[in-house]
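Right, one structure below, let's go through it.
Protein chains: 4
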Amino acid sequence: MRLSRAQENDRVLLVSPGNRRYLLLLRSGRRFHTNKGIIEHDALIGQPLGRSVTTHLGHTFLVLRPSLHDLLMNVKRVSQIIYPKDIGLILLKLDAVHGRRIIEAGTGSGALTLALAHAVRPEGMVYSYEVREEMLRTARRNLEEAGVEDSVTLHQRDIAEGFVERDVDALFLDVREPWDYMEQTCQALADGGCFGALLPTTNQVSIQLAAMAHHPFMAIEVLELMLRQYKPVPQRLRPDDHMIGHTGYLIFARKIAPSSDPIQE
Amino acid sequence: MRLSRAQENDRVLLVSPGNRRYLLLLRSGRRFHTNKGIIEHDALIGQPLGRSVTTHLGHTFLVLRPSLHDLLMNVKRVSQIIYPKDIGLILLKLDAVHGRRIIEAGTGSGALTLALAHAVRPEGMVYSYEVREEMLRTARRNLEEAGVEDSVTLHQRDIAEGFVERDVDALFLDVREPWDYMEQTCQALADGGCFGALLPTTNQVSIQLAAMAHHPFMAIEVLELMLRQYKPVPQRLRPDDHMIGHTGYLIFARKIAPSSDPIQE
Amino acid sequence: MRLSRAQENDRVLLVSPGNRRYLLLLRSGRRFHTNKGIIEHDALIGQPLGRSVTTHLGHTFLVLRPSLHDLLMNVKRVSQIIYPKDIGLILLKLDAVHGRRIIEAGTGSGALTLALAHAVRPEGMVYSYEVREEMLRTARRNLEEAGVEDSVTLHQRDIAEGFVERDVDALFLDVREPWDYMEQTCQALADGGCFGALLPTTNQVSIQLAAMAHHPFMAIEVLELMLRQYKPVPQRLRPDDHMIGHTGYLIFARKIAPSSDPIQE
Amino acid sequence: MRLSRAQENDRVLLVSPGNRRYLLLLRSGRRFHTNKGIIEHDALIGQPLGRSVTTHLGHTFLVLRPSLHDLLMNVKRVSQIIYPKDIGLILLKLDAVHGRRIIEAGTGSGALTLALAHAVRPEGMVYSYEVREEMLRTARRNLEEAGVEDSVTLHQRDIAEGFVERDVDALFLDVREPWDYMEQTCQALADGGCFGALLPTTNQVSIQLAAMAHHPFMAIEVLELMLRQYKPVPQRLRPDDHMIGHTGYLIFARKIAPSSDPIQE
């Protein structure tokens, strides 16, 4: 979609006077209800973006093309999503650039899937695994609404049975017990490929690190990102009173050829 | 480059036994000297990646294709670079996806330029402005070595004279006094376009926020990211003793149409 | 109070099954109402501490002697209190030990006052200034209930008129515009004495630092403390989802003799 | 010591032009050598504090009475000390106020011992356990130089054999495997008493929490404090480039009477 004008079936972002954000799929005839009043979709369709619109109660909302960040924060969710602060770093660490082939499990609501798909487009491909029907349905819808479904292959399959692809450039696990799938991971990932995982607890990180020691992984890193937001008031600049205290620990590593000489670390 | 084998003129990443990382441009006949011994480039050229190589002193190094993260951390620098933890979030906030047209100033050593170029490839374009000759030379070399020079237009030009492009999707300022260029920014950025800036001090953030209040910006955010690294030892998991305490504050906003009704915030 | 048994007029801490904490002043005949049921004060008076008590609905609460930390977190408040994480460091930085004479303004709800009084007891004295009647009343009550009123001199006085005491060991300002009182501060504080201030915004910190440059202060520090709490679950150890993002910036310095040779920093 | 004048055998704090801090025990005839020149102790003895002194090379140093914070940061160390940021909170959480009886193990270099002694003076007592001869010698010297040796009872004893005291108000463990001493801890600590421990790794925290579940502990908390220092420059306020990334995790709890009804958490 070009910046110029909003079309039916476009997704637009509405920003309220209080800076709340709503993602809207434009459909002629529909209405968007907020506690500040109603906005008719038809008042947006065909209009230029980057402007304000007024509710029937006289409150002005900003109408924007959603950024990738907006999409990630506002995907329909049936599970905990991976946060953009983490996704940004994951993209760089996994080397998720144009043309790459990347495996991800589980799909969940598809937030990371969506970001990976954007990053490898138009020639790359994301292979995303999920066993739960409901998750897959939600993820598929999120990917379609974002228009990146052609860059994603969704597999409804238990990864204990192995991944279908071979020699992929990167592989990311957002599952409860990633250590159970190290064999399958090493079979699918090319030598030198990028491995990543997200884990909420320190115990999981320890178990995962111990499991990785029995497989050909090197350059292992564990890290976390803390995002601190500030009140954007020039004369009273200060951090917000509250912040997210934890999303998860990130593990990154490189899979090496099993036949390599051991590295003496 | 495919993962399979390193070729002459490829960049490879060497990881030392102590987890130090070196970026190497492969040239037949050259030697790489470390305090762990010498590695001949010819011992790497034509060899598969994801394997170890041994120095003449018997130490093993890992040979990898550099990820985007590795490239960013290891670009040749003549100035402070923007860190990957910040770049990851900037990409998402600027909506730097396939096909976008994005302005950046100043180019500096070209780390953010490189990441933006990767993100908008192959059809998008990054327009990067820099006045200092030496910076431009370094940045051009970094972009060429990464193979993304076709996705970047470098301008040696003082942005006080305005940007050449119009209606760009996003614009990022990494300059000392971004508040001096708000007029030029609003001329170049499309309505609804994404604005970003990186500033090291709180005083700069306050001045910048005050300046933005006189221009059509909305959905303004100020934030910072703290990256904490852990020792990847399963039985003794703990954060590193030292961490980077500060890189900079990030400001993000959306430029709206000047004719918009005021938003009552 | 000895640990042994709770007496009438003692303050006890009740800890709920969900780890919520309530401070209670024991008075015969009274009842404590919670959403888990009622506890009669008479069921606590005369009983040993460190035990559980059962509500009429059968829920067990823990009955404890409140620690200084518990008292600080649970003082009656008519204003934002200074948090224990900050108070702990303030005590060390101000050298608040047995026998010291320390000025503080404003008193507020008296949380810092209470901690300072405990620290300088029995021979030291805290001189606390406050103009607002309601604050003083609340603070006095909090100090009396904690039994440290003999170590505090409360002044209802505008500090613009100067402090009454001279040559105090330390002086702490928790007021909106501390820079207005640097003259008065330097008159009251002994040469070499410890100065401290708490300020919520970066702008205030900058103004305060600029003001201090015109007065004989040295060894100036600005810092902040971030407290991160973890879920105390052995098999799933991880930080809480949410945390306090900001309480305030702390400034510390030493006042030197005005006649000192300038330090070339 | 009063603020007025430095005497022989007093400890003074010297602050260099570059804000480096040195703790000095004044002895007539001695000289203090720095890379900025020499200061004669006799030039300080008998002089008022809070002033500057000039080295033979013409550099000015500030002469101050050390605060408790200065003492803690500058104790002679033969082991890792507990940092003041953590000590401040430990004092509040352990309820270390005037008159309390507190056990600590191990003594180490005596930094926490020193702070606890200051807090419980003049009537309280700190009982500090250490097996290593060299540690005890260093700690004793640090306590004597700080003048608080009368408030500390040092035990050279393996705590596996149990603590000598009974019914203490608080007990803090800074040992490698605190979980091995829970039986001894519960014997020494009064019902309702405050327990604390400092542990560097997440694995230790998990093991300790698991051990505490088999003993009468309630109101268990795990937390960590991050200290961020800022450059105190009014026009360029910003955090320091580097910070301490980790000191340790703090555990706090209350020991309850073993006969208490179980709390259903």
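Chains as they are written, first to last, in the numbering used here: chain A, 1 to 265; chain B, 266 to 530; chain C, 531 to 795; chain D, 796 to 1060.
Here a beta-carbon is modelled for each residue, glycine too, at the ideal position from N, C-alpha and C.
Which residues DSSP lists as bridging residue i, in chain order
{"i": "leucine 289 of chain B", "result": "B:Val277"}
{"i": "valine 1017 of chain D", "result": "C:Tyr760 and D:Ile1046"}
{"i": "glycine 37 of chain A", "result": "A:Thr34"}
{"i": "cysteine 724 of chain C", "result": "C:Ala700 and C:Arg784"}
{"i": "phenylalanine 1037 of chain D", "result": "Per the sequence presented here, residue 1037 of chain D reads as histidine, with phenylalanine not at that position. Looking at the DSSP assignment, histidine 1037 of chain D forms a beta bridge with B:Ile509."}
{"i": "arginine 800 of chain D", "result": "D:Pro843"}
{"i": "leucine 719 of chain C", "result": "C:Val698"}
{"i": "leucine 464 of chain B", "result": "B:Tyr514"}
Spatial neighbours of residue i in its chain, beta-carbon cut-off 7 Å, leaving aside the 5 residues before and after
{"i": "threonine 54 of chain A", "result": "Thr60"}
{"i": "isoleucine 737 of chain C", "result": "Trp709"}
{"i": "asparagine 284 of chain B", "result": "none"}
{"i": "asparagine 142 of chain A", "result": "Val75, Lys76, Ser109, Gly110 and Leu114"}
Residue of the options minimising C-alpha distance to residue i
{"i": "tyrosine 552 of chain C", "options": "C:Leu574, C:Leu601 and C:Gly576", "result": "C:Leu601"}
{"i": "glutamine 714 of chain C", "options": "C:Pro746, C:Leu728, C:Ser736 and C:Ala740", "result": "C:Pro746"}
{"i": "aspartate 770 of chain C", "options": "D:Asn869, D:Thr1042, D:His1041 and D:Glu1016", "result": "D:Glu1016"}
{"i": "arginine 872 of chain D", "options": "D:Ile898, D:Gly991, D:Gly903 and D:Tyr924", "result": "D:Gly903"}
{"i": "glycine 894 of chain D", "options": "D:Ala900, D:Thr908 and D:Ala912", "result": "D:Ala912"}
{"i": "methionine 748 of chain C", "options": "C:Asp721, C:Tyr613, C:Leu703 and C:Pro547", "result": "C:Asp721"}
{"i": "leucine 379 of chain B", "options": "B:Val413, B:Pro349 and B:Lys358", "result": "B:Val413"}
{"i": "glycine 458 of chain B", "options": "B:Leu436, B:Tyr446 and B:Arg422", "result": "B:Leu436"}
{"i": "serine 946 of chain D", "options": "D:Phe990, D:Val892, D:Val807 and D:Phe827", "result": "D:Val892"}
{"i": "glutamate 972 of chain D", "options": "D:Ala1006, D:Phe958 and D:Glu956", "result": "D:Ala1006"}
{"i": "tyrosine 779 of chain C", "options": "B:Lys301, B:Ala425, B:Thr467 and B:Gln500", "result": "B:Thr467"}
{"i": "valine 498 of chain B", "options": "A:Ile244, A:Val233, A:Gln229 and A:Ala213", "result": "A:Ala213"}
{"i": "aspartate 704 of chain C", "options": "C:Lys615, C:Ala635 and C:Ala669", "result": "C:Ala635"}
Buried or exposed by the 16-neighbour rule on C-beta atoms within 10 Å, applied to residue i
{"i": "isoleucine 568 of chain C", "result": "exposed"}
{"i": "glutamine 295 of chain B", "result": "Correcting the residue type first, residue 295 of chain B is arginine in the shown sequence and not glutamine. Classification for arginine 295 of chain B: exposed."}
{"i": "phenylalanine 254 of chain A", "result": "Just to set this straight, residue 254 of chain A is arginine in the shown sequence, not phenylalanine. So arginine 254 of chain A counts as buried."}
{"i": "methionine 823 of chain D", "result": "In the sequence as presented, methionine is not what sits at residue 823 of chain D; that position holds serine. By the neighbour-count rule (16 or more Cβ atoms within 10 Å), serine 823 of chain D is not buried but exposed."}
{"i": "glutamate 918 of chain D", "result": "exposed"}
{"i": "valine 796 of chain C", "result": "In this structure chain C extends from 531 to 795, so residue 796 of chain C is not present and cannot be described."}
{"i": "valine 807 of chain D", "result": "buried"}
{"i": "histidine 851 of chain D", "result": "exposed"}
{"i": "threonine 247 of chain A", "result": "buried"}
{"i": "glutamate 409 of chain B", "result": "exposed"}
{"i": "glutamate 224 of chain A", "result": "buried"}
{"i": "glycine 588 of chain C", "result": "exposed"}
{"i": "valine 280 of chain B", "result": "buried"}
{"i": "histidine 69 of chain A", "result": "buried"}
Residue i, enclosing alpha helix (DSSP H) - first and last residue
{"i": "leucine 474 of chain B", "result": "467 to 477"}
{"i": "glutamate 1076 of chain D", "result": "This structure cannot settle anything about residue 1076 of chain D, because the visible part of chain D is limited to 796 through 1060."}
6 Å Cβ shell around residue i - same chain, five flanking residues per side excluded
{"i": "glutamate 265 of chain A", "result": "Model confidence at glutamate 265 of chain A stands at a pLDDT of 42, short of 50, so the residue's coordinates are unreliable and nothing is read from them."}
{"i": "histidine 420 of chain B", "result": "Tyr394"}
{"i": "methionine 1 of chain A", "result": "Residue confidence is low: methionine 1 of chain A scores 40 on pLDDT, short of 50, so the model does not pin down where it sits. No coordinate-derived value is stated."}
{"i": "tyrosine 446 of chain B", "result": "Ile424"}
Proximal residues to residue i (C-beta, below 8 Å), its chain only, five neighbours per side dropped
{"i": "lysine 231 of chain A", "result": "Leu237, Arg238, Pro239 and Asp240"}
{"i": "serine 269 of chain B", "result": "Pro313 and Leu314"}
{"i": "leucine 474 of chain B", "result": "Ile485, Val487 and Ile516"}
{"i": "cysteine 981 of chain D", "result": "His1010, Pro1011, Lys1050 and Pro1053"}
{"i": "glutamine 802 of chain D", "result": "Met796, Leu821, Ile840 and Gly841"}
{"i": "histidine 298 of chain B", "result": "none"}
{"i": "glutamate 430 of chain B", "result": "Arg366, Ile368, Tyr392 and Ala453"}
Segment limits, beta strand (DSSP E) that includes residue i
{"i": "isoleucine 897 of chain D", "result": "896 to 900"}
{"i": "arginine 296 of chain B", "result": "296 to 299"}
{"i": "threonine 418 of chain B", "result": "417 to 421"}
{"i": "arginine 51 of chain A", "result": "51 to 54"}
{"i": "leucine 598 of chain C", "result": "Not the beta strand (DSSP E): leucine 598 of chain C falls in the alpha helix (DSSP H), residues 598 to 604."}
{"i": "valine 63 of chain A", "result": "60 to 64"}
Beta carbon proximity, residue i to chain F, threshold 9 Å
{"i": "asparagine 203 of chain A", "result": "The structure shown has no chain F; the protein chains it does contain are A, B, C and D."}
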